[in-house]
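A.B. asks: Everything in the sequence shown is counted per numbering that gives the first Met the number 0, starting at 0 for the first residue and increasing by one. All residues carry an ideal CB built from backbone N, CA and C; glycine is no exception.
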Amino acid sequence: MNVQEVEDYYGLSVCRRQDLVVERGQGVWVWDQDGRQILDFTSGWGVTCLGHSHPVMVNTIAEQSVKVMQNPNSGFTYSPARAALMKELAKVLPEGLSKMWFANSGAEANDAALKLARKVTGRQAVVSIGGAFHGRTLATLSASGGSDNAARYLPRLPDHRFAELNNSEELEQLIDSSVAAVIVELVQGEGGVRSLTSDYINTLQEKCKQHGCLLIVDEVQTGFCRTGHFFACDRFALTPDMMTLGKGIAGGLPFAALVMRPEIAVRVQLGDHGGTYCGNPLVSAVAAAVVKYLREEQVSRRVATLSERALADLKRLKQQYPDLIQEVRGEGLLLALQLTASVDVWTFSEQCLDQGLLVTPTRNGVVRLIPSLLITNDEWQQGVGLLELALGNLWAQGQWASMRSA
Numbered sequence: 000m001n002v003q004e005v006e007d008y009y010g011l012s013v014c015r016r017q018d019l020v021v022e023r024g025q026g027v028w029v030w031d032q033d034g035r036q037i038l039d040f041t042s043g044w045g046v047t048c049l050g051h052s053h054p055v056m057v058n059t060i061a062e063q064s065v066k067v068m069q070n071p072n073s074g075f076t077y078s079p080a081r082a083a084l085m086k087e088l089a090k091v092l093p094e095g096l097s098k099m100w101f102a103n104s105g106a107e108a109n110d111a112a113l114k115l116a117r118k119v120t121g122r123q124a125v126v127s128i129g130g131a132f133h134g135r136t137l138a139t140l141s142a143s144g145g146s147d148n149a150a151r152y153l154p155r156l157p158d159h160r161f162a163e164l165n166n167s168e169e170l171e172q173l174i175d176s177s178v179a180a181v182i183v184e185l186v187q188g189e190g191g192v193r194s195l196t197s198d199y200i201n202t203l204q205e206k207c208k209q210h211g212c213l214l215i216v217d218e219v220q221t222g223f224c225r226t227g228h229f230f231a232c233d234r235f236a237l238t239p240d241m242m243t244l245g246k247g248i249a250g251g252l253p254f255a256a257l258v259m260r261p262e263i264a265v266r267v268q269l270g271d272h273g274g275t276y277c278g279n280p281l282v283s284a285v286a287a288a289v290v291k292y293l294r295e296e297q298v299s300r301r302v303a304t305l306s307e308r309a310l311a312d313l314k315r316l317k318q319q320y321p322d323l324i325q326e327v328r329g330e331g332l333l334l335a336l337q338l339t340a341s342v343d344v345w346t347f348s349e350q351c352l353d354q355g356l357l358v359t360p361t362r363n364g365v366v367r368l369i370p371s372l373l374i375t376n377d378e379w380q381q382g383v384g385l386l387e388l389a390l391g392n393l394w395a396q397g398q399w400a401s402m403r404s405a
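1) Thinking just about the alpha-carbon of each residue, which of D240, H228 and G331 is nearest to the one in G211?
2) Roughly how far, in whole angstroms, is the beta-carbon of I248 from the beta-carbon of F229, given that I think they are within contact range, below 8 Å?
3) Would you check if the distance between the CB atom of E163 and the CB atom of T361 is smaller than 8 Å?
4) Give me the Cα-Cα distance between F235 and G10, rounded to the nearest whole angstrom.
5) For G144, which of helix, strand or coil comes out of DSSP?
6) With distances taken Cα to Cα, identify the nearest neighbour of G25 among S371, A138, E296 and I263.
7) Is K208 helix, strand or coil by DSSP?
8) Going by CA-CA distance only, name the one from A82, V27 and E307 that's closest to H53.
9) Among residues of its own chain, excluding the 5 on either side of S404, which ones have a beta-carbon nearer than 6 Å to its beta-carbon?
10) So, with DSSP's three-state summary, where would you put T196?
11) DSSP has W345 in a bridge; who is on the other side?
12) Leaving out five residues before and five after M402 in sequence, what residues of the same chain have Cβ atoms less than 6 Å from its Cβ?
13) Beta-carbon within less than 6 Å of V178's beta-carbon, same chain only, minus the 5 sequence neighbours each way: which residues are those?
14) The beta strand (DSSP E) with K98 in it runs from where to where?
15) Applying the 10 Å Cβ sphere with the 16-neighbour rule, what's the burial state of E94?
16) Starting from the N-terminal side, write out each stretch of the beta strand (DSSP E) that is 3 residues or longer and does not extend beyond the segment 158-193.
17) Any idea if R315 is buried or exposed, counting beta-carbon neighbours within 10 angstroms, 16 or more meaning buried?
18) Which residue spans inside the segment 222-266 form an unbroken beta strand (DSSP E) run of at least 3?
19) Can you give me the Cβ contacts of V193 inside the same chain, cut-off strictly under 8 Å, excluding the 5 residues immediately before and after it?
20) Which residues share a DSSP beta bridge with S127?
Written as structure tokens, this is what we have:
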């Protein structure tokens, strides 16, 4: 059996697959088994922020792997690699967030935040935003308002409430003294790259402060320069009570973090949380190197600059193909094409792959474009050209008139 046959036979089918076997990657490019070069506008769903096989990561893995890769974690032993990461994060985190716990995925970090918020407040209710996605554990699915997956696992955990995106009046009605925490993405990723407004965020802060609720900001997808700021919080000068981090934190290796205010951390007791692999030395060392690189190279600035051009290019495509593209959205290099109701999002993504471009089709007819933060202007223009070819082929073949399947 070939690679695809082996995975199809033995693997649990939890995700619709692209017809692509990725053999290797370098920068913004991946190659299949036949040596075909493909421009990657997924970054492993926002993970490979420095691109594939960046020397900073490759060298750090080599150096740390001959020292120690795993030892008892979650604070059972001390680690120079973990300490180095803590110092790097302390240089970039919003002021006031100084206590850290490391995990292996964004869902794990969000799950821990919800669990500890209930513990330290003594309350049960959680407020989330419609369209949000916080992970696939039972707790994070329960907090994901709009996820198709959540509906498959009803009933949700009790006392979860959902506010309409940017509806401040409804938000005010939902937050009261029974609420332990409100968890939000400042830019919804899986929800179609939709941003919270400044007014909505102000209302959110005021109501949380009024009722003593913890504000948890999920920066798993938006953190580490993805939106043109080191964290999306920075744009609003916002310091939440807790913040969750993941994806780009380690440039492609599984890692995440929960950070919080020290006055909350003092209420977390020994044994309240933990994990075997949490903060393992190998990935801690890589994460420290990635965070240092992003800070020293001022990557957020280059992302903000390129974002202006990227959005202008995508809006030009919308004007060129108004029957195919309904809207362009984005912050930094977290970008989305909202396709029109008659366009099949998977057909479009397959057209892109045929042209040599890998994109992420999501629910509600949205295609996410999440290239490496280090993509060059020339590479971006190549990607725009491939998008244009895919749109042109879709139009010429009449496939845009099919019913949307996702």
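C.D. replies: In short:
1) Per the Cα distances, D240.
2) Not quite, the Cβ-Cβ distance comes to about 12 Å (not below 8 Å), so this is no contact.
3) no
4) So the alpha carbons of these two residues sit roughly 43 Å apart.
5) strand
6) Gly is not the amino acid found at residue 25; the sequence shown has Gln there. The shortest Cα separation from Q25 among S371, A138, E296 and I263 belongs to S371.
7) Here K208 sits in helix by DSSP.
8) Checked all of A82, V27 and E307; the closest Cα to H53 is V27.
9) With a pLDDT of only 43 at S404, under the threshold of 50, the placement of this residue in the model should not be trusted, and no figure is reported.
10) Here DSSP, grouped into helix, strand and coil, assigns T196 to coil.
11) W345 is not bridged to any residue.
12) Residue placement at M402 is flagged as unreliable, the pLDDT there being 42, under the threshold of 50; the coordinate-derived value follows with that caveat. Counting only Cβ-Cβ distances below 6 Å, and skipping sequence neighbours, we find nothing.
13) A124, V126 and C212
14) Going by DSSP, K98 is part of the beta strand (DSSP E) stretching over K98 to A102.
15) By the 10 Å Cβ count, E94 comes out exposed.
16) 159-162 and 178-183
17) exposed
18) Within the segment 222-266, the runs of beta strand (DSSP E) that reach at least 3 residues and sit entirely inside it are, in chain order, 241-244 and 255-259.
19) As written in the sequence, residue 193 is Arg, which differs from the Val given in the question. The residues are G130, L164, V186, Q187 and R328.
20) By DSSP's assignment, S127 forms a beta bridge with F161.
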